[in-house]
Amino acid sequence: MYRAIKLNQSDRCYQHILYRHSPNDAIDVYELKTVTYGLSCSPFLAIRTLLQLAYDEEERFPLAAKVVREGVYMDDILYSCSSLSQISRLQDELLEMFNSGGFILKRWASNSAKVLQRVPLENRECPVTFMKDGNEYSVKVLGLKWFPLTDCFYFTVDKTDKVTTKRSVLKLLASIYDPVGFISPCIFIAKEIMQDLWKLGIGWDEQLPTDVTKRWLNYVDDLPRLTAIKIDRHMLLPEQTECELVAFCDASSRGYASCVYVISRNDRGQTKVRLVTAKSKVAPVKPLTIPRLELMASVLLSKLIRYVRDILTRVKITRITALTDSTIVLTWLQTEAYKLKPFVSNRVTQVCEVLPPHCWRHVSSECNMADICSRGASPSQLVECSEQWLKGPSWLYDDYSQWPVRTFINQHESNTPEMKSNHTLGSFNLITNENNSIEETKLEFCDRIFSNFSSYYKLQRTFARILRWFRLKSGHSKQSILTTNELNTAQDVLIKLVQSAYFANEINRLSKGTKYVPSLRKLSPFIDERGYLRVGGRINYSALPYNAKHPRLLPKNSRFTLLLIEYLHKKYLHVGPRTLQNIINQNFWILASRRIIRSVLSKCKICFKHNPVLLQPEMAPLPAARLIPCNVFEHVGVDLGGPFFTKESLRRNARVERSYLALFICYSTKAVHLEVLSSLSSDCFLACLDRFVARRGVCSFLYSDCGTNFIAASKHLTEVQRFMLEQKNNILEGCSKRQIIWRFNPPGAPHMGGLWEAGIKSAKYLLTRAVGEKSLTFEELTTVFCKVEAILNSRPLCPLPASDNPDEFNVLTAGHFLIGKGLTAVPEYNVEDITINRLSRWQYIQKCSQMFWRRWSHEYLNTLQQKAKWHSDRSNIKIGDLVIIKTDNVPPCDWPLGRIEALHPGPDGIVRCVTLRTQKSTLQRPVNKLSPLPYSN
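Numbered by full-length UniProt numbering, the letters in the sequence shown go through residues 1 to 937 in order.
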């Protein structure tokens, strides 16, 4: 069909094929003029062309045009007619209409020999002889096998191997093609076995357990029995006068199902019942109650009814009856949705949109045809009951009044499960009383009422509707939308309620004429003509509005006050505490307002996400590798820096390449060794490591940042970070061969590698000052870094003494541990001509070395004693806390959330690293990258 449809001239340039006969030939370009295979738009173009052909030729061929609109499935046409004359006319119209469009109809098949006699043999699906003793042949129609001679469908099962794995089970399950659901009870067994395999966590190619293997092999051996099932293609009586749909639904602990039957009747008193469609599903892995599964079955029934009703457009449906054996489901369907819990309410609404409650009836479990589908049946069992399953129970052929069904009316709604609990607010009185016990009860009442509301918005509207109900003396009002006056009245009532509960003693004093109130003496309070407690203050003669000059008083510890502050904070776009306080003071005066406003704003999750407060544990003790004397470069930190651009040669237009710096720094002496890398590869780095070992000796431990800390921000990786991530395993393997142990800092904790980070910074500082933006050759860059290394190794390990004595300026440097003096020191006097007996002895050399380590212990170590920052532990976290994870190069509002799963305390007992679980993975992060979310009571 595709090749018979030509493309528009302007669209052909998008369909080119490049081809050549041999590699030495030139490439030929072919342009396709017709619709081709493999493009996503090709099916649409083909169907759209057929519909356009039907539209253009509808006046000449009305019957054929109708068939094309209703019975075309891609390149197949399926249709049936009630008489031979009508089908012959349709055949002629189809041939002529498609010939006018350039299409040729082939592969004809029919259950009528007269129809096929008019078709040439080469255009038939296969030759057929309609004789009683002739061999019956089948035609595949949209995936189903069809016998034209007997006009029925049947099922075949391919040969299956005896391999019992989850892969083979799924393969066989997918090979059984039953889109309508004729053998859904049998397929349910295979679905149930497949679900059991998922529950057991078995791999795709693992051998199944013995009990499951036995169940599966028995099922497979029984599958060939399905060939005995024959399904009539024609479901209706000819010239039917009535047609109705009857649907069943049922559920068990194993699954739920639904099936739909069509009943047709004619004037001669004949009745025909046939299964239209069926669907079964296994119960979810998460356990559900039987009533909920029954409700899921009713939802499935409504979907099948809608599907069948939309398909049978050529038939007038006179009645639809839905049957279930669950009285709980029928009760739910007759209950208003708002009275039910969300799970049930949503599904009841979905069912009632298709089938109103008056369409539902109760049927006993013995008469429920969906029962076999919800429990499953083996192929043998399905064959035995196929007559009843495919043609319906015998009572469906009787008159509707004789069916064993009844109308269910619920009379005990209070005992129905899944109903929402009713909460009453109770009554309240705004009149104050001197009895303290009564005032305490009113205070408790306010706290109890306000604690049921999560926002001021809901609280205000709930009280507004209560007041409307009192005013109209009925449960419902004609106007559903609350007016501004009603909302303002509700706010006034709430304020008066709060004041009467929290300022009872003050109101009593003022009502008796006492102007002095000790607890509010600075505010000069008074009661206005409407009974509100207001601030007197000192700005009576200002031009401010009355509410601003005399704002109404609110307590600081009331739930109402907290909800009001939170509401105004969100209403005015999360303003700061000072601005929010000014806004509140225009109408209200909250006691200790600054403190309570800051407390509420500190718990605002939106503000917190935009400005999170990170945790900061106390500075950890230095590791033992930095405090115990040992061989130089015994414990080494390593880091990479760059890139640095180098020229291939000194030519003017020489190619510029990238080079990188590898820094090795001794943990105890801060001695630095710099190497230049020509590229970022594992081989190049391991060669660099070999050069370091050859010059400085084999180190026992290598320390560096963890490469996996870059995974979460892979879009923002630098070249060095990507190299550390991708080549980590190769480098670890190379180090293990060299008897070197590589240890990593926790992910996302560069501050724990401050030793080498500072070394890289110092090396870059000296390089940029000496070279600037000039590009060097690789040899020149190596030379410069050797000089930088000498300078870094000549830095004093401790501050210079504050003395004018020149003998005291011989400070200790890393060079003393490498060559016995600073690497940039002035050369000593030549002693080659002095006799050997006048030279220093070997013991003196040893003494000098020991002197260096003694000075290192006495002078340098003492400088590490004080903590420059992070003096106290401010990290109060525990397992289960929800935190925001700081992510570099990402705005704070987009930082991901995580929940703490494990704590990793250091040797001093302080937690500095934790394990987190996010939506995507589990990872480790240092505590100073975390910000706990505020929790509100």
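By construction, the Cβ of each residue, glycine as well, lies at the ideal position given by its N, Cα and C atoms.
CB contact flag (residue i, residue j, <9 angstroms)
i                 : j                 : result
residue 938       : leucine 680       : In the structure as shown, the chain starts at 1 and stops at 937, and residue 938 therefore has no counterpart that could be examined.
tyrosine 154      : isoleucine 189    : no
valine 638        : leucine 686       : no
lysine 929        : leucine 459       : no
glutamate 294     : aspartate 267     : no
proline 551       : phenylalanine 588 : yes
proline 896       : glutamine 919     : yes
leucine 275       : phenylalanine 182 : yes
leucine 933       : threonine 915     : no
alanine 814       : cysteine 688      : no
phenylalanine 103 : leucine 32        : no
proline 623       : serine 931        : no
aspartate 690     : asparagine 745    : no
glutamate 96      : tryptophan 108    : no
alanine 322       : tyrosine 256      : no
arginine 254      : serine 374        : yes
leucine 301       : valine 363        : no
serine 252        : isoleucine 290    : yes
arginine 314      : glutamate 58      : no
isoleucine 584    : leucine 564       : yes
Inter-residue Cα distance where the pair is residue i and residue j
i                 : j                 : result
glycine 880       : isoleucine 590    : 36 angstroms
methionine 752    : leucine 601       : 33 angstroms
arginine 361      : aspartate 211     : 41 angstroms
serine 138        : isoleucine 305    : 31 angstroms
glycine 906       : glutamate 618     : 11 angstroms
alanine 46        : leucine 105       : 15 angstroms
asparagine 8      : leucine 39        : 16 angstroms
leucine 340       : threonine 349     : 11 angstroms
arginine 652      : valine 693        : 37 angstroms
tryptophan 469    : threonine 271     : 57 angstroms
lysine 715        : arginine 912      : Any reading at lysine 715 needs caution, since the residue's pLDDT is 39, under 50, leaving its predicted position unreliable; the model's value is listed next. Rounded to whole angstroms, lysine 715 to arginine 912 spans 27 angstroms at the Cα level.
valine 632        : leucine 818       : 7 angstroms
threonine 887     : arginine 925      : 10 angstroms
lysine 603        : leucine 882       : 14 angstroms
aspartate 399     : phenylalanine 343 : 37 angstroms
lysine 391        : isoleucine 320    : 18 angstroms
cysteine 41       : isoleucine 176    : 29 angstroms
leucine 767       : glycine 909       : 41 angstroms
methionine 235    : isoleucine 27     : 58 angstroms
glutamine 402     : serine 394        : 11 angstroms
aspartate 178     : glutamine 15      : 37 angstroms
threonine 483     : methionine 74     : 58 angstroms
arginine 309      : valine 180        : 14 angstroms
aspartate 56      : arginine 48       : 12 angstroms
phenylalanine 450 : tyrosine 567      : 14 angstroms
Assigned exposure category for residue i - 16 Cβ within 10 Å defines buried
i              : result
proline 827    : Any answer about proline 827 is weak, because its pLDDT of 45 lies below 50 and its placement is not dependable; what the coordinates show is given next. So proline 827 counts as exposed.
leucine 650    : exposed
histidine 610  : exposed
asparagine 111 : buried
lysine 279     : buried
tyrosine 456   : buried
tryptophan 389 : buried
aspartate 528  : exposed
histidine 21   : exposed
Beta-bridge partners of residue i, as assigned by DSSP
i             : result
glutamine 924 : Thr915
proline 238   : Answer is none; proline 238 lacks a bridge partner.
leucine 674   : Leu663
proline 932   : Val883
glutamate 294 : Looking at the DSSP assignment, glutamate 294 forms no beta bridge with any residue, so it has no partner.
histidine 16  : Glu31
proline 643   : Partner(s): none; proline 643 has no beta bridge.
Assess contact between the region 532-546 and the region 492-499, defined as three or more Cβ pairs (one per stretch) separated by less than 8 angstroms. Is contact present? Under the three-pair Cβ rule at 8 angstroms, the region 532-546 counts as touching the region 492-499.
When you compare the region 364-378 with the region 236-253, are there three or more beta-carbon pairs, one atom per stretch, that lie closer than 8 angstroms? At 8 angstroms Cβ cutoff, the stretches touch.
Is it true that the region 623-630 meets the region 641-655, where meeting means three or more beta-carbon pairs spaced less than 8 angstroms apart? No: the two stretches stay apart, fewer than three of their Cβ pairs being nearer than 8 angstroms.
With three or more beta-carbon pairs closer than 8 angstroms as the criterion, would you say the region 536-545 touches the region 572-579? In the pairwise beta carbon analysis, the region 536-545 is classified as not touching the region 572-579: fewer than three pairs are separated by under 8 angstroms.
Three or more C-beta pairs closer than 8 angstroms, one from the region 190-207 and one from the region 279-288: is that the case here? Short answer: they touch.
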